[in-house]
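Counting in the UniProt record's numbering, the sequence shown runs from 1 upward without gaps.
Glycine is no exception: its CB is placed at the ideal position from the N, C-alpha and C atoms.
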Amino acid sequence: MTGLTGRFRTLPLRSRLALLVATAVAVAVAAVSVVSWLLTRGQLYEELNTTLRNTSAPVDMVRQAYASCYDVRPADSKQSPNFAYTQLVTPNGARCVGPYSEPVKVRPSDVGVANGTLKSTLHDSVTDDGSPVRVHTTLMGIGGGINVAVSVSRPLDEISTSLNRLALLLSGLAGVGVVGAGAAGLLVARTGLRPVDQLTETVEHVARTEDLTVRIPAEGEDEIARLSRSFNAMTAALASSRDRQARLIADAGHELRTPLTSLRTNIELLVRSERTGRAIPPADRQALLASVEAQMTELASLIGDLQELSRPDAVRGGPVTVVALHEILGTALGRARLRGPELVFATEIAPWYVRAEPAVLERALVNVLDNAVKFSPAGGTVDVRLKDGTLTVRDRGPGIPADELPHVFERFWRSPSARSLPGSGLGLSIVARVVQQSGGDIRLERAPGGGTRAVIRLPGASVPPPSAHP
1 MTGLTGRFRT
11 LPLRSRLALL
21 VATAVAVAVA
31 AVSVVSWLLT
41 RGQLYEELNT
51 TLRNTSAPVD
61 MVRQAYASCY
71 DVRPADSKQS
81 PNFAYTQLVT
91 PNGARCVGPY
101 SEPVKVRPSD
111 VGVANGTLKS
121 TLHDSVTDDG
131 SPVRVHTTLM
141 GIGGGINVAV
151 SVSRPLDEIS
161 TSLNRLALLL
171 SGLAGVGVVG
181 AGAAGLLVAR
191 TGLRPVDQLT
201 ETVEHVARTE
211 DLTVRIPAEG
221 EDEIARLSRS
231 FNAMTAALAS
241 SRDRQARLIA
251 DAGHELRTPL
261 TSLRTNIELL
271 VRSERTGRAI
281 PPADRQALLA
291 SVEAQMTELA
301 SLIGDLQELS
311 RPDAVRGGPV
321 TVVALHEILG
331 TALGRARLRG
341 PELVFATEIA
351 PWYVRAEPAV
361 LERALVNVLD
371 NAVKFSPAGG
381 TVDVRLKDGT
391 LTVRDRGPGI
401 PADELPHVFE
411 RFWRSPSARS
421 LPGSGLGLSI
431 VARVVQQSGG
441 DIRLERAPGG
451 GTRAVIRLPG
461 ASVPPPSAHP
């Protein structure tokens, strides 16, 4: 059985479908044929039984059989052939066969009728030469107050012949039905699996050529159409992901080239000074070292940003827990004050708890505050307000032109007015990603009176962390 199952699984799908259809039809046809044959057989037997019950043996024939059995002179009668076999059954089980009849073997039920224990009986038996017959035995009066058990029999050949013909006809129809079902199943399988063949060819083409622009026509609402639409959506997503990856690599290479070129130039100047023995003035040497340090810091920050953005959205760097947003904001504000000691931070912070990765959320808040510090004029004020899950950070810098606002969250995008300032153009992309992963939203807008305002909304956590309870 296991071997048959294994061989079945190795067959092509259309062959398996055709075989299953043919098998199902064969079983159905066989069941219908058997039921039809049994019903016909039962009906024929019932008609024969009714005929035997309604048939009475000719009295003259019975009297003659009685006379021959009991050695009595029979009454004068006119004999004629009978359409059924007739014989008398004595109480001791003997039989007296009527004229024109075949002797039929006596059964115990026939003797029971002769003894008076049974009123009548209907059963199968055979003649002495083995031919099957249907027998009906009942009491019959022949005159003079004499009642005898008379068995009237009819051959079963007339039924068996009809049943054999019916069985042969049903077998032929079943065979034709199975062959037709197999052919129809193969045709249906080929027609139904044509979209699957097309899908298979497309998948093989994509695997061979890596061409993600191929699409499969999807018509209707059946499973094949749904599979085709899912495949098209998958290839579109893969193509988009590949395009984003290519753009990320190209943009990252472009962004890395500038600090690397500057870093290489400064290091070459320092190395050349050591090799030639020409001392660089202390002030210039100190400026070169400071530039190298700044470029290294910029490279480290850029690489960290790239690592964060290259991580799939479904993959998190750490556990998501309930954290105090106001505490993380306080830590980020401390770092922002170090980077802009000349600025004034006007804060209004109310407690709020969210579900997020603490380290990632802190980095996003630092990026938002760094932008405010970067674009604020010396001695300016940065407003930071947290209330009911809405964080607002406003600077009083030059602001962002309205036509540039739709691009602020794109990777590596930098405003033309900000390209001279340090940064990679990835900070706000990271902020938008972190906020969206936490279930919130972010927007940048021009603030009334000048400057830029960042508005971040984060949904609150239902249960605050244990540290929040007194």
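Which residues bound the alpha helix (DSSP H) around residue 345?
Run containing residue 345: none in the alpha helix (DSSP H); it sits in the beta strand (DSSP E), 344-349.
Helix, strand or coil: how does DSSP classify residue 355 here?
strand
Please give me, in chain order, every unbroken run of the alpha helix (DSSP H) with length at least 4 that falls completely inside the UniProt domain "HAMP" (190-243).
194-209
Return helix, strand or coil for residue 456, following the three-state DSSP convention.
strand
Looking at the secondary structure, which residues open and close the alpha helix (DSSP H) in which residue 438 lies?
It is not in any alpha helix (DSSP H) - residue 438 carries neither H nor E in the DSSP assignment.
Taking a contact to mean a Cβ-Cβ separation below 7 Å, would you say residue 212 touches residue 235 in this structure?
yes
Note down the Cα distance separating residue 373 from residue 333, rounded to an integer number of angstroms.
11 Å
Does residue 159 get closer than 7 Å to chain D when you measure Cβ to Cβ?
Absence of chain D from the displayed structure is noted, only one protein chain being present.
Three-state secondary structure assigned by DSSP to residue 475
Residue 475 lies beyond the stretch modelled for the chain, which goes from 1 to 470, so this question has no answer here.
Sheet register partners of residue 147 (DSSP bridge):
141
For residue 340, I'd like the list of residues in its chain whose CB is within less than 8 Å of its CB, leaving aside the five on either flank, ordered along the chain.
373, 376 and 382
Is residue 324 helix, strand or coil by DSSP?
strand
Simplified DSSP assignment, three categories, for residue 155
strand
Using a threshold of 7 Å, state whether the C-beta atoms of residue 367 and residue 323 are closer than that.
no
State the Cα-Cα distance for the pair residue 128 and residue 30, rounded to the nearest angstrom.
36 Å
Where residue 45 falls: helix, strand or coil (DSSP):
helix
Threshold first: 4 residues or longer. Then list the alpha helix (DSSP H) segments lying entirely within the stretch 365-414, N to C.
none
Buried or exposed by the 16-neighbour rule on C-beta atoms within 10 Å, applied to residue 362:
buried
Cβ-heavy atom distance, residue 243 to the ligand PLP, below 6 Å:
With respect to the ligand PLP, the structure offers nothing, as it holds no ligand at all.
For the alpha helix (DSSP H) containing residue 110, name the first residue and the last one.
108-115
Where do the N-terminal and C-terminal ends of the beta strand (DSSP E) with residue 118 fall, by residue?
Counting along the chain, residue 118 falls outside any beta strand (DSSP E), and DSSP gives it neither H nor E.
Drop a sphere of 10 angstroms on the beta-carbon of residue 216, count the other beta-carbons inside from all chains shown, and report buried for 16 or more, exposed for fewer.
buried
Tell me where the beta strand (DSSP E) around residue 85 begins and ends.
85-89
Let me make sure I understand the geometry here. Which of 359, 445, 189 and 434 has the alpha-carbon closest to that of residue 398?
445
Could you tell me the boundaries of the beta strand (DSSP E) in which residue 95 lies?
95-97
If you draw a straight line from the alpha carbon of residue 188 to that of residue 25, how long is it in whole angstroms?
14 Å
Given this structure, state the Cα-to-Cα distance separating residue 151 from residue 110, to the nearest angstrom.
8 Å
Relative to the alpha-carbon of residue 125, which residue among 347, 297, 137 and 403 has its alpha-carbon at the smallest distance?
137
Leaving out five residues before and five after residue 460 in sequence, what residues of the same chain have Cβ atoms less than 8 Å from its Cβ?
352, 353, 354 and 389
From residue 240 to residue 246, what does the alpha carbon distance come to, in whole angstroms?
10 Å
Which residues in the same chain have their Cβ closer than 6 Å to the Cβ of residue 447, if we skip the five residues on either side of it in sequence?
394 and 453
Quick test of the definition: if touching needs 3 or more C-beta pairs under 8 Å, does the stretch 42-53 touch the stretch 168-182?
no
Would you mind sorting residue 480 into buried or exposed? The rule is 16 or more other CB atoms within 10 Å of its CB.
With the chain represented from 1 up to 470, any question about residue 480 goes unanswered, as that position is not in the structure.
Use the C-beta contact count for residue 153: other C-beta atoms within 10 angstroms, 16 or more gives buried, fewer gives exposed.
buried
Select from 99, 229, 182 and 223 the residue whose C-alpha is nearest the C-alpha of residue 17.
182
Between residue 199 and residue 228, how many whole angstroms is the CB-CB distance? I'm expecting something under 8 Å.
6 Å
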